[in-house]
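Please read the structure below before turning to the comments.
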Amino acid sequence: AQSVTQLDSQVPVFEEAPVELRCNYSSSVSVYLFWYVQYPNQGLQLLLKYLSGSTLVESINGFEAEFNKSQTSFHLRKPSVHISDTAEYFCAVSPKTGANNLFFGTGTRLTVIP
Amino acid sequence: DVKVTQSSRYLVKRTGEKVFLECVQDMDHENMFWYRQDPGLGLRLIYFSYDVKMKEKGDIPEGYSVSREKKERFSLILESASTNQTSMYLCASSTTGEDQPQHFGDGTRLSIL
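Going down the list, the protein sequences come from chains A and B.
According to the numbering used here, the stretch in the first sequence is residues -7 to 106, in order.
According to the numbering used here, the stretch in the second sequence is residues 145 to 257, in order.
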């Protein structure tokens, strides 16, 4: 069985400050890891993913996430946030079982304060 | 770019009605999914399909059914709508492989009165 825990439901942060959104998972099998972002009144968009190789992955808009196998974590970070980063962020895992099912966390709402 | 289109952004229906939510994808993806999204609960999988005319139950299938007669279209059906089915519904599609991301539509906000 799989589960994903996002420890913070809401994270307010001032513009240009750094932010970390935490994600921990548990799984009986190896997993692939994803972060999705949902802007207001939109569907989810893929932000970044970890499949293999380097444990640090980056997105085109400055976010990065690091896979830590020993701590079963995949925290999302950005060194300096912008107003446009205000959104809800979802961590998800896909078990390496041959299927394509995603298991989502409950989401973290990031609010960037001017 | 993958496009997943949900037929309605907002929908208001009455208790007991039969409700159809439609989803179409344009990338010839094998897999399609229906989720509902509720505050504090994240996304919960209702049904999914790996091929035409094929369906699998997700975590919360009760009160719902699905139809996939064509590869590009996946319909969610509320057989007899109830107020506890008021929610945001999200459709997604993906190609085969557990490392493949899912692509989402913009969602349908459904209110059952």
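Every residue gets a Cβ at the ideal spot worked out from N, C-alpha and C, and that includes glycine.
Computed from a predicted model, the values in this text were never measured in an experiment.
On a Cα-Cα basis, can you pick out the residue from the options that is closest to residue i?
| i | options | result |
| --- | --- | --- |
| B:G207 | B:S238, B:T227 and B:Q244 | B:T227 |
| B:Q229 | B:H247, B:F164 and B:K147 | B:F164 |
| B:E213 | B:P183, B:K197, B:A225 and B:I204 | B:K197 |
| B:S224 | B:S238, B:S209 and B:F218 | B:S209 |
| A:S62 | A:A(-7), A:S22, A:L(-1) and A:E56 | A:S22 |
| A:P10 | A:F96, A:G99 and A:D77 | A:D77 |
| B:P183 | A:F82, A:P4, A:P87 and A:T89 | A:F82 |
| B:T259 | B:M171, B:I256, B:Y233 and B:D203 | The structure shown does not extend to residue 259 of chain B, since chain B is modelled only from 145 through 257, so no value can be given for it. |
| B:S219 | B:Y154, B:D250 and B:W178 | B:W178 |
| B:H247 | A:N16, A:V5, A:S18 and A:Q34 | A:Q34 |
| B:E242 | A:Y24, A:E58 and A:L48 | A:Y24 |
| B:I221 | B:N175, B:K162 and B:L185 | B:K162 |
Report all residues from its chain with a CB closer than 8 angstroms to the CB of residue i; omit the five preceding and five following residues, and keep chain order.
| i | result |
| --- | --- |
| A:I75 | E7, V104 and P106 |
Mind listing the chain A neighbours of residue i? Cutoff is C-beta to C-beta under 8 angstroms, in chain order.
| i | result |
| --- | --- |
| B:T240 | N92 |
| B:L234 | G35 and L36 |
| B:Q244 | N92 |
| B:F192 | N93 |
Between the alpha carbons of residue i and residue j, how many angstroms are there, rounded?
| i | j | result |
| --- | --- | --- |
| B:Y191 | B:E200 | 6 angstroms |
| B:K215 | A:S72 | 43 angstroms |
| A:P32 | A:A79 | 7 angstroms |
| A:E12 | A:R69 | 4 angstroms |
| B:D195 | A:T64 | 33 angstroms |
| B:K147 | B:S211 | 20 angstroms |
| A:L39 | B:S231 | 24 angstroms |
| A:N93 | A:S51 | 22 angstroms |
| B:A236 | B:H173 | 10 angstroms |
| A:H67 | A:L(-1) | 10 angstroms |
| A:T89 | A:S44 | 15 angstroms |
| A:Y98 | A:V29 | One detail in the question is off: residue 98 of chain A reads as Thr in this sequence, not Tyr. Approximately 12 angstroms, taken between the alpha carbons. |
| A:R14 | A:P87 | 20 angstroms |
| B:P205 | B:T252 | 18 angstroms |
| A:F59 | B:G160 | 47 angstroms |
| A:L48 | A:S18 | 19 angstroms |
For a contact defined as C-beta to C-beta under 8 angstroms, what are the partners of residue i on chain B?
| i | result |
| --- | --- |
| A:T98 | G184, L185 and G186 |
| A:S1 | G184 |
Kindly list, in the order they appear in chain A, the residues whose Cβ is closer than 7 angstroms to that of residue i.
| i | result |
| --- | --- |
| B:G251 | G35 |
Can you give me the Cβ contacts of residue i inside the same chain, cut-off strictly under 6 angstroms, excluding the 5 residues immediately before and after it?
| i | result |
| --- | --- |
| A:R101 | Q2 and E80 |
| B:S151 | E166 |
| A:F26 | K41 and A84 |
| B:R217 | V168 |
| B:V156 | S255 |
With a CB to CB cut of under 7 angstroms and the five nearest residues on each side skipped, what residues in its chain are close to residue i?
| i | result |
| --- | --- |
| B:Q244 | S238 |
| A:S20 | A(-7) |
| B:G202 | L189, I190, Y191 and F192 |
| A:F108 | Given a span of -7 to 106 for chain A in the structure shown, any question on residue 108 of chain A remains unanswerable. |
| B:D250 | Q150 and R153 |
| B:L187 | Y179, Q181 and L234 |
Going along chain A, which residues have a C-beta under 9 angstroms from residue i?
| i | result |
| --- | --- |
| B:L189 | N93, L94, F95 and F96 |
The segment 71 to 90 of chain A: which residues have C-beta closer than 9 angstroms to a C-beta of chain B, in chain order?
-> F82, A84, S86, P87, K88, T89 and G90
When you check each C-beta in the segment 25 to 56 of chain A against every C-beta of chain B, which residues fall closer than 9 angstroms?
-> F26, Y28, Q30, N33, Q34, G35, L36, Q37, L38, K41, L43 and S44
Contact residues within the segment 163 to 180 of chain B, judged by C-beta distance below 9 angstroms to chain A | E174, N175, F177 and Y179
What are the residues of the segment 202 to 227 of chain B that lie near chain A, defined by any Cβ-Cβ distance shorter than 7 angstroms?
-> Within the segment 202 to 227 of chain B, no residue has a Cβ that lies closer than 7 angstroms to any Cβ of chain A.
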